[in-house]
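Each remark here refers to the structure printed beneath this line.
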Amino acid sequence: MLTFQVEDMTCGHCVRAIKEAVRLLDASAAIDVDLGRKHVRVQSDRLSAPAVHGALMKAGYTPSAGSGDEPSSGELSGCCGCAGPRCACAA
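Going from the sequence shown to the working numbering is simple: count from 1 and add 28.
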């Protein structure tokens with residue numbers, strides 16, 4: 029399970045945009061979005077954390093790996109190259 033914290037996800041439109049961004053990479057991915065906690069969880073045998081992170085960035089969001097209160101298998105290895113100020117690669 030890949031887990032991301034997406035602080036700039038604020039509404040139902042954001043939820044739909046995030047789900048669509050992930051589905052463009054893997055239409056069969058299981059996507060769980062908790063708007064209140066600003067968590068996005070993705071279960072996919074085909075996707076890596078950097079791929080999902082990049083898709084969320086491309087969709088206009090600034091995800092960070094994990095949520096801080098639960099372990100994440102979505103830790104990034106290497107760098108996605110976005111150079112965003114909240115990029116999880118810099119952690």
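Ideal placement from N, C-alpha and C gives every residue a C-beta, glycine not left out.
Apply the 10 Å Cβ neighbour rule to residue i and answer buried if 16 or more other Cβ atoms are within range, or exposed otherwise.
i     : result
His41 : exposed
Ser92 : buried
Ala49 : buried
Within the same chain, show all residues whose beta-carbon is closer than 6 Å to that of residue i, passing over the 5 residues directly before and after it, in chain order.
i     : result
Ala58 : Gln71
Does residue i get closer than 9 Å to chain C when you measure Cβ to Cβ?
i     : result
Pro78 : The question asks about chain C, but that chain is absent: this structure has only one protein chain.
Assign residue i to one of three DSSP states: helix, strand, or coil.
i     : result
Arg74 : coil
Val50 : helix
Compute the Euclidean distance between the alpha carbons of residue i and residue j, then round it to the nearest angstrom.
i      : j     : result
Ser105 : Cys39 : Note that Ser105 scores a pLDDT of 40, beneath 50, so its modelled location is shaky; the value from the coordinates is reported in the next line. Roughly 30 Å separates the two Cα atoms.
Leu53  : Ala45 : 13 Å
Who are the near neighbours of residue i in its chain, counting only those whose CB is closer than 7 Å to its CB and skipping five residues on each side?
i     : result
Lys66 : Gln33, Val34, Glu35, Met37
Starting from residue i, trace the beta strand (DSSP E) both ways and give me its first and last residue.
i     : result
Thr31 : 30-33
For residue i, I'd like the list of residues in its chain whose CB is within less than 8 Å of its CB, leaving aside the five on either flank, ordered along the chain.
i     : result
Leu75 : Leu30, Val50, Leu53, Asp54, Ala57
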